[in-house]
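K.L.:
Below is the structure I would like to discuss, written out as structure tokens.
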Amino acid sequence: MSSKQNPATPSPAETTETAETTEISGPRPRRLTYAAALAGLEGLALLVGGGWLLVEGIVGDPDDRRSAVTGGITLIVLALLPLLAARGLLARRSWSRGPAVITQIMALPVAYNLLQADSAAIPAGIALAVVAVAALILLINSETTRALGIRGPGRTQDGEGRS
């Protein structure tokens with residue numbers, strides 16, 4: 032007899048993965064897709080803004096070259112959070128909701144500061160606030176929560192609370 036496992040018998044890892052996948056099977060809800068799109072849009076905006084700052088800091092004539100380069104690199108690194116969250120949301124990974132919510136919460140004070148400016152930043156602040164609030168609403172929606180396989184506190188696999 033060989034020590035190989037029968038190919039028809041799933042390994043423990045496959046069994047866990049199958050149970051997890053079955054729980055959240057079915058088509059992805061539109062609200063989840065929209066939340067992922069908004070998070071991805073924010074990530075792309077941060078990436079573009081960071082790239083612009085970085086290029087301007089390197090080849091342009093900024094007042095403070097070091098601050099421009101540092102700001103650009105910081106924005107590019109920060110763009111990873113919403114981009115990874117968007118990817119996770121599209122793949123229906125439960126971990127992805129946390130980073131997506133954190134991104135929206137971080138965006139609200141930025142939007143507020145943009146709204147306080149006396150410049151063309153005001154429309155950007157309005158747009159950012161609308162996107163952040165809309166994404167938060169989509170992310171905390173019960174349909175989105177179920178699609179990601181997130182159970183509330185005290186809930187068991189069958190959805191019943193503990194008694």
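Each number in this note's numbering comes from the position in the sequence shown (counting from 1) with 31 added on.
Glycine included, every Cβ here is placed at the ideal spot set by N, Cα and C.
All of these numbers come straight from a predicted model, not from anything done at the bench.
Looking only at its own chain, which residues have a Cβ that is under 6 Å from the Cβ of Gly103, when we skip the five neighbours before and after it?
P.N.:
Gly81, Leu84, Leu85, Gly88.
K.L.:
Could you tell me the alpha carbon to alpha carbon distance between Leu106 and Gly156, rounded to whole angstroms?
P.N.:
C-alpha separation (whole angstroms): 17 Å.
K.L.:
I'd like the list of long-range same chain contacts for Ser173, defined as Cβ closer than 7 Å, with 5 residues on each side in sequence excluded.
P.N.:
Contacts found: none.
K.L.:
Using the beta-carbon count (16 or more within 10 Å), is Arg128 buried or exposed?
P.N.:
Arg128 comes out buried.
K.L.:
May I ask you to report which of helix, strand or coil DSSP gives Asn144?
P.N.:
In this structure, Asn144 counts as helix in the three-state DSSP scheme.
K.L.:
Starting from the C-beta of Pro113, find all residues in its chain whose C-beta is less than 6 Å away, skip the five residues before and the five after it, and write them out in chain order.
P.N.:
Excluding sequence neighbours, Pro113 sits near Ala70, Glu73, Gly74, Thr134.
K.L.:
Can you tell me whether DSSP reads Pro93 as helix, strand or coil?
P.N.:
In the structure shown, Pro93 sits in coil (DSSP, three-state: anything other than H, G, I, E or B).
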